[in-house]
């Protein structure tokens, strides 16, 4: 029974090809890292990110996702409302006009009555 089973089969061609591929891939990777050692921006694209860079990137992605979710909820809650930027512009203009009116009121606080014909 043991005579029928190969005791030490030869390595397969797939294994050899895989080993050669990974060896070549490692050499190419090493060559690429040495290629950009003088250029800082190019070197940053090859080197992995630092913890702080990863954290800021994740914060920016989270902030963008939160803004998209807020706009989606705004559209669901107020489907008939004008686009968000138009309403925001209108409200900021109203706030500026209110500030101008407050700045123009006299110090005693009494605003003279104006009719539409004056």
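In our numbering, the protein residues as written are 446 to 563.
Positions of the beta carbon are idealized from the N, C-alpha and C atoms, including for glycine.
Please read all numbers here as calculations on a predicted model, not as lab measurements.
First through last residue of the alpha helix (DSSP H) which encompasses residue i
i: residue 540; result: 529-549
Own chain residues within Cβ distance below 8 Å of residue i, not counting five before or after
i: residue 494; result: 502
Member of the options whose CA lies at the smallest distance from the CA of residue i
i: residue 512; options: 541, 529, 480 and 499; result: 529
Nonlocal neighbours in the same chain, by C-beta distance under 7 Å from residue i, ignoring five residues either side
i: residue 460; result: none
Starting from the N-terminal side, write out each stretch of the alpha helix (DSSP H) that is 4 residues or longer and does not extend beyond the stretch 449-503. Here the runs fully enclosed are 458-480 and 485-491.
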